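Contents: one structure, followed by commentary.
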């Protein structure tokens, strides 16, 4: 607990000190504050460090700051002139100007760069906002949270999971903390050498939203990104995990029904060994398999789930889901960490299914996953193929042997081709149709005459 005891403000001294800040930008002053040792900053008894960019309002007494499920009001008399200057500018919206009394300047189109271990780092994403790195799940970067560092970024521990942060998403003072951590671990020289190897031809800043396709070039897997009429190739080994994970998700969103994520052959055969909805830590949303962990995009950051946190069956299931779009859950877009696997609405209760035509039954996600694991045709909306569905009066059978089956919700028919079914399912369906054509099928289950598809 570092603050000095409350004392009357010395207005003249305060004004003199704050006059010294004129001509400096908000970012310059914020960097100056963050470079200070904690003993020169305000720290509350419960560990809250006064952060000007977290202030929500002020009055003559002090500044109000949220902290978990409560608020602190920090007396002005316990803050330094620098902390007060930054808080006042932040509340006034003066975070981009050159002078606290000047008009806001327009954001610069200039490239923002930082330095890490003597290497130039292009800032992007959160590295451009002048604020401490944080995420939608309440993680705030700190040196203490660092778990490991590689040539592209930082793996940080947060509760029961990990975050990965590319160097470009950190502010200069945060990169300095990473550098200090690396030096203390004796890893600085090795990491600097790895960064040396990354220096190459200048290219536009990689933008995951603009990725057009995945390709292999000179034996390296990477992504193509168009810019000003040109295509640029970015190999995975030039990108950090966040960039790779979101690039993969972007490509998937462009082709949801067919896109398959790459998986690493680790000797574990991909299979639906457990229910997808039971996978912990949203592992079913993984978009990148490193061979020792799964990487999961979550709104504005990623989670890293090591294999060691999962059972062999769970790993097999994640790998299967990554390769099978039909069982893949929706993108993880909710802020919280609650486990919420695929849920199919309006599932038909078991006690109501007796006597119902199969095509009218909506099966649960678990039943669909089980059917898929058995090699049967099933869909994410709860339909599981039964050969007898081809005999329904509402079914159309086409000349090419495919058929269109009614849906439980009464919407457009569901067309099923030979390639959609297993050999056994197709054979059973054809046998039933053959019986129908010889008059052996029941009168109540005869489909409409074969028609030519439009």
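Numbering (our numbering), first residue to last: 17 to 470.
We put the beta carbon where it would ideally sit given N, CA and C, even for glycine.
Being a predicted model, the structure only gives us computed values, none of them experimental.
For residue i, which of helix, strand or coil comes out of DSSP?
i	result
residue 321	strand
residue 276	coil
residue 180	strand
residue 309	strand
residue 314	strand
residue 454	coil
For residue i, which of the options has the nearest alpha-carbon?
i	options	result
residue 144	269, 130 and 153	130
residue 431	420, 441 and 266	420
residue 160	47, 194, 426 and 189	194
residue 146	192, 186, 329 and 172	186
residue 364	383, 348 and 346	383
residue 243	226, 168 and 237	226
residue 182	98, 137, 154 and 199	137
residue 90	60, 436, 297 and 39	60
residue 269	235, 450, 196 and 348	348
residue 409	415, 395 and 429	429
residue 169	197, 411 and 38	197
residue 490	189, 166, 172 and 35	There is no way to answer for residue 490, as the model of the chain reaches only from 17 to 470.
residue 155	132, 366, 314 and 333	314
residue 256	284, 224 and 282	224
residue 158	294, 423 and 54	54
residue 379	423, 35, 133 and 128	423
residue 200	177, 165 and 338	165
residue 411	47, 375, 389 and 435	375
residue 133	204, 172 and 171	204
Measure the alpha-carbon distance for residue i versus residue j and round it to whole angstroms.
i	j	result
residue 274	residue 393	16 Å
residue 251	residue 343	29 Å
residue 184	residue 220	14 Å
residue 27	residue 76	Because the pLDDT at residue 27 is just 49, under 50, the model does not fix this residue reliably, and the value given afterwards should be weighed accordingly. Approximately 13 Å, taken between the alpha carbons.
residue 355	residue 175	Because residue 355 carries a pLDDT of 47, less than 50, the predicted location of this residue cannot be relied on, and the following value inherits that uncertainty. If I take the Cα positions, the gap works out to 15 Å.
residue 417	residue 341	25 Å
residue 56	residue 276	52 Å
residue 79	residue 105	13 Å
residue 202	residue 381	49 Å
residue 413	residue 324	50 Å
residue 305	residue 261	9 Å
residue 272	residue 135	39 Å
residue 535	residue 264	Not covered by the structure: residue 535. The range shown for the chain is 17 to 470.
residue 82	residue 328	42 Å
residue 289	residue 300	13 Å
residue 41	residue 110	9 Å
residue 139	residue 191	11 Å
residue 386	residue 452	30 Å
residue 100	residue 222	37 Å
residue 321	residue 310	5 Å
residue 151	residue 317	7 Å
residue 247	residue 377	49 Å
residue 98	residue 108	15 Å
residue 296	residue 449	44 Å
residue 102	residue 96	10 Å
residue 369	residue 249	54 Å
residue 237	residue 308	18 Å
residue 367	residue 373	14 Å
residue 71	residue 148	13 Å
Could you check if residue i belongs to the surroundings of the ligand COA, using beta carbon to heavy atom distance under 6 Å?
i	result
residue 363	The model depicted lacks the ligand COA and carries no ligand whatsoever.
Beta strand (DSSP E) runs contained entirely in the stretch 207-253, provided each spans 3 or more residues: 229-233, 236-243 and 246-251
Residue ranges of each beta strand (DSSP E) within the stretch 373-449, 3 or longer: 419-421 and 430-432
Sufficient close CB pairs (3 or more, under 8 Å) joining the stretch 200-210 to the stretch 53-71: no
Ordered list of beta strand (DSSP E) runs contained in the stretch 49-90, each at least 3 residues: 78-83
Uninterrupted alpha helix (DSSP H) stretches inside the stretch 130-197 (no shorter than 4 residues): none
At least three beta-carbon pairs within less than 8 Å, the stretch 396-415 to the stretch 442-452: yes
Residue ranges of each alpha helix (DSSP H) within the stretch 321-347, 4 or longer: 328-339
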